[in-house]
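Reviewing the structure listed below.
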Amino acid sequence: MKMKDNDRNFLPFTAHSFFCIDFIMSESNSLANRYQQLIDSIVDITLKGKIRSKEQVYRMLLKEIESGTGEIFERVLDENIQKTTAQLEKKLKATRILRALQTIQGEWERWQKENQKEQVIILAIEQIKKANSQHLLSSFLPFLDQSNHNSLNREQLEKLSQSLKDSNDAVETLELANGIRDGLREFSRLEPELITWIYEQSQSTLGFGSEKQGPWPWWEKKTSLPLAQMLFKTLANNQSIRELSEKSYQVELRAWVELILLLHFLERGLVKWFDEQPYNAKFGQRLSYSTLLIFSMIFAQLSQGFTGKNINLREGFFLMMLQSLRQLTKRKDFPLYGGIFASFSGENLQYTLTYFDDPLKEVERTQEKARILTLLAYSQLTLGNYKQAKQFHLEALEIAQESSDKPCEIANFNHLSRICIAEKDYDQAINYSQRALMFSRQVGDKLGEANGLINVGYSEVFRAKELEQMNTEIYESAINYLEQGATLAERLEDYQSQALAYNSLGIAYVILSQPSAAITALEKGIKMALNSGNTYLQGLNFTYLAEAYYTLENLPQAVYSGCLGMYLLHQIDSSEYRQAAGLLTVIKGKITDKDFQTLLEQNRPNIIKLIGVDGYDEVPKLLEEYKAG
1 MKMKDNDRNF LPFTAHSFFC IDFIMSESNS LANRYQQLID SIVDITLKGK
51 IRSKEQVYRM LLKEIESGTG EIFERVLDEN IQKTTAQLEK KLKATRILRA
101 LQTIQGEWER WQKENQKEQV IILAIEQIKK ANSQHLLSSF LPFLDQSNHN
151 SLNREQLEKL SQSLKDSNDA VETLELANGI RDGLREFSRL EPELITWIYE
201 QSQSTLGFGS EKQGPWPWWE KKTSLPLAQM LFKTLANNQS IRELSEKSYQ
251 VELRAWVELI LLLHFLERGL VKWFDEQPYN AKFGQRLSYS TLLIFSMIFA
301 QLSQGFTGKN INLREGFFLM MLQSLRQLTK RKDFPLYGGI FASFSGENLQ
351 YTLTYFDDPL KEVERTQEKA RILTLLAYSQ LTLGNYKQAK QFHLEALEIA
401 QESSDKPCEI ANFNHLSRIC IAEKDYDQAI NYSQRALMFS RQVGDKLGEA
451 NGLINVGYSE VFRAKELEQM NTEIYESAIN YLEQGATLAE RLEDYQSQAL
501 AYNSLGIAYV ILSQPSAAIT ALEKGIKMAL NSGNTYLQGL NFTYLAEAYY
551 TLENLPQAVY SGCLGMYLLH QIDSSEYRQA AGLLTVIKGK ITDKDFQTLL
601 EQNRPNIIKL IGVDGYDEVP KLLEEYKAG
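In the numbering used here, the protein residues as written are 1 to 629.
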């Protein structure tokens with residue numbers, strides 16, 4: 001009888017212990033002899049020409065090798081190969097014997113690979129069986145994580161589901177097993193409809209916000225899962241996901257597991273499809289960012305709805321949120337300089353920020369966390385939440401330094417520089433930007449260098465303006481930095497950094513009362529911002545373009561640019577929309593309401609091209625909102 005490992009650990013070291021060791025060694029030798037006979041048998045029938053395919057060898061191994069004894073078989077096989085190799089010059093048959101042994105070795109490697117897949121399933125079953133009902137999901141969901149080397153594919157998940165059903169009678173575990181099975185089946189049904197919704201709308205309206213059709217109404221019609229229908233309808237109507245989970249927390253576990261599996265594979269499928277689009281790689285990347293972030297947000301909101309009600313589901317959806325964010329942080333094209341909110345409505349962006357604040361406090365200090373904080377901090381800046389943005393960036397900077405993530409460290413220095421400019425702390429802004437520039441040149445981070453150059457020049461312009469230093473040399477030096485940054489960003493083909501550079505140049509020229517030069521720079525900035533999909537920089541460029549045209553008394557262009565700047569910034573809830581709204585209000589005050597309406601109507605076709613009819617109709621409402629607030 002075999003002894004259990006844990007029994008051996010507690011035996012006193014006596015004659016009985018030696019008996020146990022002898023027993024184990026004897027058993028090992030017996031297996032070695034058996035495996036030697038197996039190898040001899042395979043070699044013999046190979047030499048006689050009775051082996052027709054490698055599959056026959058594999059079946060023999062599968063039948064004869066006991067689970068957990070692979071090391072003994074491998075030792076015996078290695079001894080045979082070494083012995084035969086040494087005899088090559090002495091025996092004529094040695095070459096053929098060696099070939100037979102090498103065939104066995106190849107099929108053994110195959111056996112190991114197949115067995116490893118089975119071992120991962122066994123490991124998952126063990127983890128699930130050990131967990132109590134309150135932590136059942138958190139024991140299973142790590143096996144969905146693509147960052148985990150034990151991640152299970154769809155075939156393995158099917159086997160896991162069946163194994164759990166065959167070996168368990170606990171109600172919660174059976175619900176988990178059935179949920180896995182039905183979630184996989186539902187995704188298989190929806191998989192042909194994964195991207196059908198994309199062909200129902202143009203690229204200009206492609207995304208996930210409420211102002212965009214998105215996949216939600218399409219998937220709502222196609223899915224047969226009631227909970228998935230409710231979620232997709234909630235998303236399509238831009239309603240509260242948290243309220244959905246708060247009201248549905250008593251729904252059986254099976255239904256929630258079905259939803260998790262369905263969302264997980266929908267997310268993976270969309271990201272894979274977007275990443276593989278050759279016609280516009282940057283557009284595809286941008287939508288991959290948005291896909292990962294929007295699914296993270298969905299998981300986060302669902303998790304929050306279970307707070308205080310269901311620990312199992314709260315933990316489960318929190319883990320799913322982290323998995324999505326991890327996939328984002330591991331991408332080579334991770335957006336350290338922002339620009340991923342082109343496919344978000346303002347409300348969804350706000351939800352993203354709100355619901356990630358608390359969960360991130362639970363995540364250990366890792367490189368992943370630093371990058372996630374950088375992403376969210378940039379977004380807080382677009383909203384005008386400078387205090388929160390600064391807090392995020394400082395924490396991200398510290399973690400990036402601890403984990404030696406230089407690109408992330410440099411990015412946070414650059415972002416902190418922009419925040420200091422917004423806070424009118426120009427000396428500190430220059431300090432941060434110079435450190436970003438120095439470190440980026442040391443490590444060869446060209447994107448960091450481009451942004452560092454832009455921020456040094458930008459900071460110096462504002463400091464000189466505050467000190468009322470109209471020294472031409474100071475401004476020439478600052479503009480030289482900005483132009484270098486723009487040139488480097490152009491060489492890198494980084495639209496977002498180019499948009500930032502030309503925006504900064506345009507603002508510098510506005511400050512210097514050089515409106516014509518400002519218009520040239522800002523129009524380039526708008527083109528780059530549109531290419532990058534960065535709504536925030538689009539709005540800023542249009543706002544300052546409106547000011548430049550107003551200085552030249554070109555009211556039609558000032559109204560056109562001001563309306564677009566105001567609407568775009570308001571769409572992402574940026575407080576800076578008030579700057580454009582203020583300028584439009586001044587223009588409106590200088591002419592009659594009728595003349596202002598005429599200017600608006602003259603620009604209607606061009607405004608609609610960028611923000612649609614709904615956006616155009618929103619302009620008067622935003623002006624009233626600004627006036628009232």
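Here a beta-carbon is modelled for each residue, glycine too, at the ideal position from N, C-alpha and C.
query: Thinking C-beta only, is Y386 closer than 9 Å to E423?
result: yes
Practice task
Use the C-beta contact count for A429: other C-beta atoms within 10 angstroms, 16 or more gives buried, fewer gives exposed.
Solution key: buried
Open item on the list: Can you check which of these residues, V257, S245 and I294, is closest to R268 by C-alpha distance?
Closed with: I294
Near F140, which residues of its chain fall below 6 Å by C-beta distance, leaving aside the five closest residues on each side in sequence? I128
Once the 5 residues before and after S240 are set aside, which same chain residues still bring their CB inside 8 Å of it? Contacts found: T234 and Q301.
Touch check for the segment 149-159 and the segment 167-175: three-plus C-beta pairs under 8 Å? no
- Return the CA-CA distance between I340 and Y536, expressed in angstroms with no decimal places. Unreliable placement is indicated for I340, whose pLDDT of 45 sits below 50; the coordinate value is still reported in the next sentence. Taking the straight line joining both Cα atoms gives about 10 Å.
For G615 and K621, what's the separation of their Cα atoms in angstroms? 10 Å
| When the Cα of Q82 is compared with those of R99, S67, G68 and E66, which residue comes out closest? | R99
How would you label K48, buried or exposed, when you count the other beta carbons within 10 angstroms and need 16 or more for buried?
exposed
| With burial defined as no fewer than 16 other Cβ atoms inside 10 Å of the residue's Cβ, what is the status of E186: buried or exposed? | buried
Kindly confirm or deny that the segment 546-561 and the segment 599-607 touch, where touching means at least three C-beta pairs closer than 8 Å. yes
- Query: Count the other CB atoms within 10 Å of the CB of H264; is the residue buried (16 or more) or exposed (fewer)?
  - Reply: buried
Can you confirm whether the segment 484-501 touches the segment 441-450 when touching is taken to mean that 3 or more C-beta pairs between the two stretches lie within less than 8 Å?
yes
query = For the putative contact between V43 and I97, defined by C-beta atoms under 8 Å, what is the C-beta separation to the nearest angstrom?
reply = 6 Å
DSSP state of Y544 mapped onto helix, strand, coil
helix
Handout entry: Residues near I24 in its chain [Cβ-Cβ closer than 6 Å; skip 5 each side]
Key = Any reading at I24 must be qualified, since the residue scores a pLDDT of 45, below 50, and its modelled position is unreliable; no value is offered.
Quick check: what's the CA-CA separation for Y577 versus L545?
14 Å
task = For L568, name the three-state secondary structure that DSSP assigns.
result = helix
Leaving aside the five residues before and after L259 along the sequence, list all residues of the same chain whose C-beta is less than 6 Å from its C-beta, in chain order.
-> L227 and A228
| message | So, with DSSP's three-state summary, where would you put S224? | response | coil
Are the CB atoms of Q380 and A389 nearer to each other than 9 Å?
yes
* Tell me whether H149 sits in a helix, a strand or coil according to DSSP, three-state version. => coil
Three CB pairs or more closer than 8 Å across the segment 133-147 and the segment 59-76: no
Checklist entry - Nearest to L397 by alpha carbon, out of I421, T382, R435 and L383? => result R435
Given a cut-off of 9 Å on the beta-carbon distance, is the pair S288 and R331 in contact? Judged by their CB atoms, S288 and R331 are nearer to each other than the 9 Å cut-off.
DSSP three-state assignment for S53, whether helix, strand or coil = coil
Coil, strand or helix - Q514 by DSSP: coil
- prompt: What is the rounded straight-line gap between the Cα of G612 and the Cα of S504?
  reply: For G612 and S504, the distance between alpha carbons rounds to 28 Å.
*Select from L123, L569, S303 and D333 the residue whose C-alpha is nearest the C-alpha of M321.*
Relative to the Cα of M321, the nearest Cα in the group L123, L569, S303 and D333 belongs to S303.
task: Would you grab the beta carbon distance between Y432 and F413 for me? Rounded to a whole angstrom, and I think it's under 8 Å.
output: 5 Å
Q.
Just to confirm my understanding: we take S161, look at its own chain, exclude 5 residues before and 5 after, and list those with CB closer than 6 Å. What are they?
A. A177, I180 and R181
Alpha carbon to alpha carbon, what distance is there between L101 and L11?
Only weak support exists for where L11 lies, its pLDDT of 33 falling under 50; the value from the coordinates is given anyway. Each residue's Cα considered, the two are about 41 Å apart.
Q. Under 9 Å, do F317 and E246 count as touching if we go by C-beta distance?
A. No, the Cβ-Cβ distance between F317 and E246 is not below 9 Å.
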